[in-house]
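Position in the sequence shown counted from 1, then plus 3, gives you the working numbering. The beta carbon of each residue, even a glycine, is placed where N, CA and C say it ideally should be. Here's the structure, in structure tokens; my notes come after.
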Amino acid sequence: MTTALYDVPGPRTRQRHRLYGLLSTVLILALLGWILYLLFTTGQFTAAKWTPFTYKGIQELLLRGLGNTLKAFALAAVLSLALGGVLATGRLSEHRTVRWVSTVLVEFFRAMPVLVMIFFIYVALKAEPLVALVAGLTLYNGSVLAEVFRTGVHSVDRGQREAAYALGMRKTQVMTHVLVPQAVRAMLPTIISQLVVALKDTSLGYLITYEEFLHAGKLIASNLDYDLPFIPVVMIISPIYIGMCMLLSWLAHWVSRRQRRNPKVEAAEVAAPEPGTLLPGGHRRPG
Numbered sequence: 004m005t006t007a008l009y010d011v012p013g014p015r016t017r018q019r020h021r022l023y024g025l026l027s028t029v030l031i032l033a034l035l036g037w038i039l040y041l042l043f044t045t046g047q048f049t050a051a052k053w054t055p056f057t058y059k060g061i062q063e064l065l066l067r068g069l070g071n072t073l074k075a076f077a078l079a080a081v082l083s084l085a086l087g088g089v090l091a092t093g094r095l096s097e098h099r100t101v102r103w104v105s106t107v108l109v110e111f112f113r114a115m116p117v118l119v120m121i122f123f124i125y126v127a128l129k130a131e132p133l134v135a136l137v138a139g140l141t142l143y144n145g146s147v148l149a150e151v152f153r154t155g156v157h158s159v160d161r162g163q164r165e166a167a168y169a170l171g172m173r174k175t176q177v178m179t180h181v182l183v184p185q186a187v188r189a190m191l192p193t194i195i196s197q198l199v200v201a202l203k204d205t206s207l208g209y210l211i212t213y214e215e216f217l218h219a220g221k222l223i224a225s226n227l228d229y230d231l232p233f234i235p236v237v238m239i240i241s242p243i244y245i246g247m248c249m250l251l252s253w254l255a256h257w258v259s260r261r262q263r264r265n266p267k268v269e270a271a272e273v274a275a276p277e278p279g280t281l282l283p284g285g286h287r288r289p290g
């Protein structure tokens, strides 16, 4: 028994895969145990190192930094999606000049490091830290998303486009009513992955003194008077970043499930013909 992509593994192969999985699990558990051992031996779980996080001032500083991170991410995400849509439309344009300009912009901003763009906007253009951070994230992620959108539209079967044009639809109608709705389902995982990248890249704001989550953690660690103060701070900040990224992934799965249940994208059920049903041409089906 085979599938279109690979042969179904046999008993020996499945046994070998289970062995690989068991060995990988043991190695991961051993690595986690070693890390916990180092944390305990260096006294990272003592009350003295965790008591400062019960202070109201430190909690407010962390919450304020988290709020600034979410604000920068929300602005960058919305603007990146908008910029990606504009650039993708330009790359799909039938006008050569528009297509050429859009291609140059996409390739330039994709090739530029995010940190360089953020520093350039902050230093050369003398923008506010939030503006510089959001602008840098928007230019980079928007150019990447433009390629995602363009590739997603091209991934739709060509017959869909030809059938729409055959029905007399204009190009705008073909894009908005035929191609884009089908392409979104294929693009959604990649879009969410790129938004996760944007969320993590908001941590670059601490380099330009933007008071985001990592910047707040750095301020806390620099004012603690015990050895290795960054480790407890990282142990608090990291799970929150991971949780936000997992929340984005969950949101993508939820949207995908809703799209599959949407009656507009589901196949309509057709009742089986019964005796007496009119056939094409006006003749009745014999009983």
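query, result
"Per-residue burial, phenylalanine 43 [other beta carbons within 10 Å of its own, 16 or more giving buried]", "exposed"
"Leucine 142 versus valine 177: straight-line alpha-carbon distance, rounded", "28 Å"
"Aspartate 204, enclosing alpha helix (DSSP H) - first and last residue", "183-204"
"Alanine 77 and alanine 201 closer than 7 Å at C-beta", "no"
"Distance between beta carbons of leucine 222 and leucine 64, contact taken as under 8 Å", "7 Å"
"Neighbourhood of alanine 149 by C-beta distance below 7 Å, restricted to the same chain and skipping five residues each side", "Gly87, Leu90, Ala91, Arg94, Val109"
"Where proline 232 falls: helix, strand or coil (DSSP)", "coil"
"Where the alpha helix (DSSP H) containing proline 132 begins and where it ends", "132-158"
"Extent of the continuous alpha helix (DSSP H) to which lysine 129 belongs", "Taken as a continuous stretch (DSSP letters only), lysine 129 belongs to no alpha helix (DSSP H), as it is neither H nor E."
"Integer-rounded CB distance, given that glycine 220 should sit under 8 Å from alanine 75", "With a Cβ gap of about 16 Å, alanine 75 and glycine 220 do not count as contacting."
"Straight-line gap, leucine 254 to tyrosine 229 (C-alpha atoms, nearest Å)", "40 Å"
"Pairwise C-alpha distance: valine 199 and valine 156", "22 Å"
"Under the three-state DSSP convention, the category threonine 92 falls into", "helix"
"Sufficient close CB pairs (3 or more, under 8 Å) joining the stretch 48-59 to the stretch 232-246", "yes"
"Close-in-space but distant-in-sequence residues of the same chain around methionine 130 (CB under 8 Å, 5 per side omitted)", "Inspection of the sequence shows that residue 130 is occupied by alanine rather than by methionine. Around alanine 130: Ile124, Ala138."
"Lysine 59 burial status per 10 Å Cβ neighbour count (16 or more: buried)", "exposed"
"Alpha carbon of isoleucine 2 to alpha carbon of leucine 118, nearest angstrom", "Residue 2 cannot be examined here, being either before or after the span of the chain that is shown, 4 to 290."
"Whether valine 151 touches leucine 182 by CB criterion (7 Å)", "no"
"Cβ-Cβ distance between leucine 136 and tyrosine 213 below 7 Å", "yes"
"For proline 116, three-class secondary structure by DSSP", "coil"
"Through-space distance from methionine 190 to valine 268, alpha-carbon basis", "Residue placement at valine 268 is flagged as unreliable, the pLDDT there being 49, under the threshold of 50; the coordinate-derived value follows with that caveat. Whole-angstrom Cα-Cα distance: 16 Å."
"Start-to-end residues for the alpha helix (DSSP H) that takes in proline 14", "14-44"
"Alpha-carbon to alpha-carbon, proline 184 and alanine 166", "15 Å"
"Supposed contact pair leucine 140 and serine 83 - C-beta distance, whole angstroms, cut 8 Å", "7 Å"
"Host alpha helix (DSSP H) of glutamate 165 (start-end)", "161-169"
"Three-state secondary structure assigned by DSSP to glutamine 176", "helix"
"Separation of serine 196 from serine 252, as counted between CA atoms", "8 Å"
"Endpoints, the alpha helix (DSSP H) within which phenylalanine 216 is located", "216-225"
"Arginine 113 beta carbon less than 7 Å from that of valine 147", "yes"
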